[in-house]
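First up is the structure itself, then whatever we jot down about it.
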Amino acid sequence: MKSSPPTDDILYLGCDLVRLLHQGAGADEFAQRLARVEAAPALPGDRNALVETVRMAMAVRNRMEQLQQRERGMLAVIESTQDLSSRLDLTDLLQAIVSRARRLMSGEVAWLSIYDAERHEFRVVVVDGALANSTQHMVARRQHGVASVVLSTRLPFSTTDYLNDDRFEHDAALDATFRAEGIVSLVGIPLVHDHEVIGLLFVADRYHRTHAAQDIAILGALATHAAVAMRNARDFDRANAALEHAGQSRARVEQHLRSIQAAAEAHEQMTSQLARGASLATLCQLVAQLLDGAVLVMNEAAQEVSAGRCDGYDSPALLGYSPNGAHSAAIGQALRESRRSGRSAVACRIGDETCRVMMVFGGHDVLGAIALFHRGERDEFSVRTFERSAAIVGVVLLSQERIEADKSRSATTLLRSLVSIRQEAAAVLANRAERFGLNLAQPLSLLLLVAETPSAGFVARRLRHLPPLAQTLVDEMDDVVVVLSHGAQAADVRLAVQACLRNELRAVHRGVLSRPVSGVAALPGLYASLRRALPVLEQLGIRGDIVGQNELALYSVLFETHDRASLAEFMHATIGPLLDYDGKRGTDLALTLLSYFDNNQNAKTTAQQLGIHVNTMRQRLITIESLLGHWGVAARALELHVALRLWRITEATA
Numbered sequence: 001m002k003s004s005p006p007t008d009d010i011l012y013l014g015c016d017l018v019r020l021l022h023q024g025a026g027a028d029e030f031a032q033r034l035a036r037v038e039a040a041p042a043l044p045g046d047r048n049a050l051v052e053t054v055r056m057a058m059a060v061r062n063r064m065e066q067l068q069q070r071e072r073g074m075l076a077v078i079e080s081t082q083d084l085s086s087r088l089d090l091t092d093l094l095q096a097i098v099s100r101a102r103r104l105m106s107g108e109v110a111w112l113s114i115y116d117a118e119r120h121e122f123r124v125v126v127v128d129g130a131l132a133n134s135t136q137h138m139v140a141r142r143q144h145g146v147a148s149v150v151l152s153t154r155l156p157f158s159t160t161d162y163l164n165d166d167r168f169e170h171d172a173a174l175d176a177t178f179r180a181e182g183i184v185s186l187v188g189i190p191l192v193h194d195h196e197v198i199g200l201l202f203v204a205d206r207y208h209r210t211h212a213a214q215d216i217a218i219l220g221a222l223a224t225h226a227a228v229a230m231r232n233a234r235d236f237d238r239a240n241a242a243l244e245h246a247g248q249s250r251a252r253v254e255q256h257l258r259s260i261q262a263a264a265e266a267h268e269q270m271t272s273q274l275a276r277g278a279s280l281a282t283l284c285q286l287v288a289q290l291l292d293g294a295v296l297v298m299n300e301a302a303q304e305v306s307a308g309r310c311d312g313y314d315s316p317a318l319l320g321y322s323p324n325g326a327h328s329a330a331i332g333q334a335l336r337e338s339r340r341s342g343r344s345a346v347a348c349r350i351g352d353e354t355c356r357v358m359m360v361f362g363g364h365d366v367l368g369a370i371a372l373f374h375r376g377e378r379d380e381f382s383v384r385t386f387e388r389s390a391a392i393v394g395v396v397l398l399s400q401e402r403i404e405a406d407k408s409r410s411a412t413t414l415l416r417s418l419v420s421i422r423q424e425a426a427a428v429l430a431n432r433a434e435r436f437g438l439n440l441a442q443p444l445s446l447l448l449l450v451a452e453t454p455s456a457g458f459v460a461r462r463l464r465h466l467p468p469l470a471q472t473l474v475d476e477m478d479d480v481v482v483v484l485s486h487g488a489q490a491a492d493v494r495l496a497v498q499a500c501l502r503n504e505l506r507a508v509h510r511g512v513l514s515r516p517v518s519g520v521a522a523l524p525g526l527y528a529s530l531r532r533a534l535p536v537l538e539q540l541g542i543r544g545d546i547v548g549q550n551e552l553a554l555y556s557v558l559f560e561t562h563d564r565a566s567l568a569e570f571m572h573a574t575i576g577p578l579l580d581y582d583g584k585r586g587t588d589l590a591l592t593l594l595s596y597f598d599n600n601q602n603a604k605t606t607a608q609q610l611g612i613h614v615n616t617m618r619q620r621l622i623t624i625e626s627l628l629g630h631w632g633v634a635a636r637a638l639e640l641h642v643a644l645r646l647w648r649i650t651e652a653t654a
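To convert, note that position 53 of the sequence shown is 53 in UniProt numbering; the numbers rise steadily by one, no gaps.
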């Protein structure tokens, strides 16, 4: 008959096991009790009953531990859910999820990586528990490590020995980081959104560890929360971007409306000033103020007509402007483009300023151009305002041109009457001339000028504004510029005209200045004589010079019908040996002979003029006579004198 176990032993063991369960003792405490019972000297039946009691207690302990672990997992999930609704910063939220996952799994290291679709790699964004600095900067390519398995299966993956696991392709840099951190085992959970892996959540340990399915499931819930947080953050960023874009669009619309309003107000101001008869300088100042820059108005020859600057704007480009300056070619090219397109064009940058130009038209004629110097960019409406200002300036220039034409019409009529063979009465002409500051009772001089570029009409308009030509009559007659002045001021007029044509207009020209004549009756004949002299200048090849009438009188009579080649043949046949002698020996015998003829063949006077001894003069004459022959005959002397004078003119203008 089998005996029952001692009651005292069973009661003592039961109490001890209840105490351990109450204290939440670990599995090793229960294992010790089981070992004692199994080693106790008792009947087999007694030992089995006691062993079974301990094992039941161990089962209760395991179930309680599982319930506690499940409770901790549920609390972690609830806390993550609360974080999703209370935390706005994505990095802060992800850090909380990673830390919670590490605590829940009792892991030693945890981190979260986000997938970069452009680089095709996972980059660590938050880490908890790491010791090595390199762990915070881990990068895993999609074809390497645990990332490759999770990315392809979209399922959790765990390994108890990462460095020796051959189920995936290893990355040398990643393995080196794991060695530095001491990681042995890990579990990876995918962050899935719209069936795509957008990140990975890892928990790792520095010893071999096997993770329970329940732990992995709870870790998956945390990973889901992380994915939701990332999705919400991305949606939030998109919503913010959309709001920002909408705000920017509204700001652009408002700016567009303000620009339209500003352009309309600018146009109204310009047209209002035009209606009030504002001067060109006033309009330039207004446009410069509206466009926050400097404005320059030029005529057809790119010369400054008027300018203006806004308050406080310093414009070295405007102050240094010159029609033939360093940027004239670029400005000219931009003006040609403006004429072709009918719009303004950027010419160049001068220092920190931009030069924009626009051609100014009056009907089908070019009246000039307008330039804007500014810093920074100009929007479409500012450019349109500048282009509208060109039209306003064109109206003013055209009005000024018409006023000037009206003022000069009577002067033109008077000048044409004075040089016409059908002159009006002298008293009538004298009265009309007084209004222009001309006293016809004084000696008068005519200057005739031919300009190839620019046109004769433009040259005449420009010359009228020269101060030395204040008391003159200037007009264009049959493509020839005619200037009538007092004989006493003829030299000053000649110098002023020459300087303007050479330095300012860069004009290709030739002209002739008459000697003073008394009485208006002599003007028609004088005008006809000078007109005949102009072709002689062309035949002589004179360019860029104004020659005195006395220098051309004889040639106008003798050579009006000859071309340049004929003149060269005449000089070579007459004084060729003398010119060759001078050219070979570097002497001045031709100039000596010309001075000799100019001084009425007086050797002493010529020597004094040349600064040489009279004997030297006589010796030169002997040499010249040996080269050219005797000139004692009047006809021969005249021929030599004419040839020398012609040579002198061509030398001076060469």
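Glycine included, C-beta positions come from ideal geometry on N, C-alpha and C.
How about residue i and residue j: do their beta carbons lie closer than 8 Å?
i	j	result
P468	P516	no
H509	L449	yes
G351	P316	yes
residue 728	I198	An answer regarding residue 728 cannot be provided, because it is not within the stretch 1 to 654 covered by the chain.
V360	A390	yes
G376	V305	no
I575	A565	no
Q136	V146	no
V125	S134	no
D205	S185	yes
L549	V512	A quick correction: the sequence has Gln, not Leu, at residue 549. In this structure, V512 lies closer than 8 Å to Q549 by Cβ.
Once DSSP output is grouped into helix, strand and coil, what is the label at residue i?
i	result
R63	helix
R464	coil
V184	coil
V396	helix
T587	coil
S306	strand
R502	helix
A212	coil
T354	strand
residue 661	This structure does not reach residue 661, given that the chain is present from 1 up to 654, and the question cannot be answered.
D475	strand
H374	strand
L646	helix
F361	strand
S85	Note on S85: pLDDT 47, under 50, position unreliable in the model; no value is reported.
V633	coil
S455	coil
L438	coil
D545	strand
At the level of alpha carbons, what is the spacing between residue i and residue j?
i	j	result
I612	E476	48 Å
R461	R543	21 Å
V642	F597	10 Å
R636	F436	49 Å
A140	E181	16 Å
L440	C500	26 Å
V419	C355	47 Å
T623	A568	23 Å
A507	V393	26 Å
E424	A451	30 Å
A470	S485	9 Å
L280	F458	20 Å
Going by other Cβ atoms of all chains shown within 10 Å of its Cβ, with 16 needed for buried, is residue i buried or exposed?
i	result
I546	buried
G308	buried
Q248	exposed
L495	exposed
A434	Sequence check: residue 434 is Glu here, not Ala. Exposed: under 16 other Cβ atoms inside 10 Å.
D379	exposed
I370	buried
S514	buried
T91	exposed
F236	exposed
Q619	exposed
Y207	exposed
C15	exposed
H465	exposed
R250	exposed
Whole alpha helix (DSSP H) runs in the UniProt domain "GAF" (89 to 240) with 4 or more residues, listed along the chain? 90 to 105, 145 to 153, 172 to 181
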